[in-house]
Each structure stands twice: as structure tokens, then as C-alpha cells.
Amino acid sequence: MPDAAKLGRRELLRSGAVASAALFGGLPFVACRRTSAVSAERAVEGVTLLAKAARTDVEEVRTGLPKGAALLKAYFEAGSFEDAAVARETLDKTRSKIQDLRIAKSTFFALVDLEGTVIRSDLDHDGLAGKNVFGPFPELQRAVSGAYVETRGEMAEVAGVRGRKDGQWVAAAPVRNDEGKVLGLYVTGWSWSAYAYRLENQLRSHIRSALKEREKEPLVYVFVVVDADAYGTPIVPDVNAKAVRDQGFASKGAATPLTAELEITGREFGLAYVTVSDLGKNAGVAVLRSET
């Protein structure tokens, strides 16, 4: 009958050999984690942070825009909209008086009449003035009936990038007189590319603040995913945007982050996406990350 003590010693030696082989690479099936897996894991952290930020950004507009509209009653009651300087001053003063609007991430604010024509916006070169917003954003017409409205669409005059498709998230609050009659609309919004730029800067800042000594900053790209499109910053490589679009994330829905490991132009990336319903149906945020 085999000696139990000897058997125990043999098993101990065998397990020690296996452990040593694993430690020094002697076993082919034991491998280091792919950097894309590490990147995907860290992209989840990033996308979770940005989803929370996006919900806060929308809430600022939801809270602040109706308050701003209440301050515009006198302007619309006067019924004189020809003076562009007065309109611009009215826009600036209104925003400055409402804390949520002062810090809002909007890329434009506008005064709009009941026909949907922009009286004036706060854009430096006001390509919006005289344009009708009900065409690209038909849902805004509901604000004429007194509803606060959030919608999406595409209008070249408020695009954040040239030479590439860009859409917008837009909100409108009705301006009423004392009897409750709607006199006009107070409208704001942001382009998706400009908003991706805002989120990407926030993520980069967060990452830099957490870097340890001698730790390299990763490559990160942020996208706003809306339906079948993925909107990145104005300078994002097209091949990266295509890689995100090809995942079809928006159609899947993701209350918790979805991930993917990708290789783009010979480099490993991790990708994470989460739905942000505050941005509308089939919309969310994606983070593409690669360790350096």
C-alpha cells in the first residue's frame, strides 16, 4: 500500500512545479490579460461617470429653461423684435440670472416666435436668425401649445463640426403672459459633436487627476450614440467612429454598460457603452480607450 506521507510529498512537489511554471510562463494556457480587456474595464468606469454627467446636464436645462422663459414675458409682450442688439442683450441677461442656465452645457440659446422663426440667438455669427426651427425639429411645435419639449434633429446652422454629419439635442419652454397665453418660445440645445467634446474633456481631466507617478495617460475618445450614428469630437478619426457605429449599441439598450474589445489600425482598444435615456430614445454614451 503506498505511503501516504510520500504521496503527500509528491503532490506538494507537483503543485509547486505547476505554480512555478505558471509564474515563469512555462504553461502555454496561462497568459497575461490582453490590454484591450484592461481598457474595456476602465472604459466602463469612464462611461459610468459620463452617463451621470449627461443626466445632470439635461436636468440643468429642464430646471432652468422654464425659469428663464418666465423672465422673457416683457420682451415678448412688447412685440418689437427688429432690434438685434436688444434681443441679444435680453438673451444674455436672461441666462445670467438663472444659475442652472449659467452652467448649462448648451451651445446656443434662442428667442423664437410662434411660427418657429428664430428672432435672435446668442451665436457669435448668428446664422440662426430668421431660420425656422420647426422644420428640423417638428416636435418643438408642441411648445406653442404650452408644453416644455425636448427633442432631437439636425440643423446645419447649429452643427458643431463641418464636413461631417452632426445632429442636435434641443429643448423649448413656452413664454406666457399673465393669462397663460403663449407669446413665444425660449429654445436651447447642443450639437452632438460639441457635446462629445465636452464629455471627452471631462473624462480626460478625471483620468489625469487619478494618474500615478510615471503612469502614462491612455488614449480616450468619447462618442454620443444616437440611433445608428456615433458622434465624436470634431477631430476624432473616422475609423474610430465607424468602429463604434458597427457595434449597433443603441438598438440593444444597456441600462448597465456593454463592452467590446477591438483592434483598430493595429492598436488594441476597449469600448464601453451605456444608455442615457435623458438624451432621448436609443441614445447613450460610449468610451473608446487604449492603454499607452
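Residue numbers for the sequence shown follow numbering that gives the first Met the number 0, beginning at 0 and rising by one. Heads up, the beta-carbon is just placed ideally off N, CA and C, and yes, glycines get one too. The structure displayed is predicted, hence computed values, not measured ones.
Does DSSP classify Lys280 as helix, strand or coil? coil
Note to self: Using only the alpha-carbon positions, how far apart do Ala229 and Thr89 sit?
What the structure shows: 35 Å
Point to revise | Ile206 - DSSP class collapsed to helix/strand/coil | key: If DSSP states are grouped into helix, strand and coil, Ile206 belongs with the helices.
- Whole-angstrom distance between Ile118 and Thr258, CA atom to CA atom: 45 Å
Problem - Three-state secondary structure assigned by DSSP to Asn176 - result: Coil at Asn176, not helix or strand.
- Query: Can you round the beta-carbon distance between Trp191 and Val225 to whole angstroms, since I take them to be within the 8 Å contact cut?
  - Reply: 6 Å
To test your reading of the DSSP string, which unbroken beta strand (DSSP E) runs of 3 or more residues are found completely within the stretch 198-253?
218-225 and 228-230, all fully within the stretch 198-253.
Does Leu70 come out as helix, strand or coil in the three-state DSSP assignment?
coil
* To do: Buried or exposed for Asn176, please, with buried defined as at least 16 other CB atoms from any protein chain shown within 10 angstroms of its CB.
  => It is exposed - the Cβ of Asn176 has fewer than 16 other Cβ atoms within 10 Å.
Q.
The beta strand (DSSP E) that contains Ala259, what's its start and end?
A. Leu257 to Ile263
Given Ala52 as reference, the closest of Val284, Glu290 and Ala242 once Cα atoms are compared
Val284
### Message
Could you compute how far the alpha carbon of Leu71 sits from the alpha carbon of Glu156?
### Response
24 Å
Near Val238, what residues of its chain come up, given a Cβ to Cβ distance below 7 Å and the 5 sequence neighbours on each side ignored? Ile263 and Thr264
State the CB to CB distance for the pair Asp99 and Glu59, rounded to an integer number of angstroms; the pair is presumed to be in contact (CB under 8 Å). 4 Å
What residue range does the alpha helix (DSSP H) around Leu113 cover?
From DSSP, Leu113 is part of no alpha helix (DSSP H); its letter is neither H nor E.
Rounded to the nearest angstrom, what separates Gly216 and Val43 at their Cα positions? According to the sequence as given, residue 216 is Glu; it is not Gly. Each residue's Cα considered, the two are about 17 Å apart.
**Asked** Using CA coordinates, which residue listed in Val223, Gly231 and Arg266 is at the minimum distance from Ala249?
**Response** Among Val223, Gly231 and Arg266, the Cα nearest to that of Ala249 belongs to Val223.
Tell me which same chain residues have a C-beta within less than 8 Å of the C-beta of Gly166, skipping the five on either side of it? Arg151, Gly152, Glu153, Ser190, Trp191, Val225, Asp228 and Tyr230
Tell me the DSSP secondary structure of Arg141 in three-state form. helix
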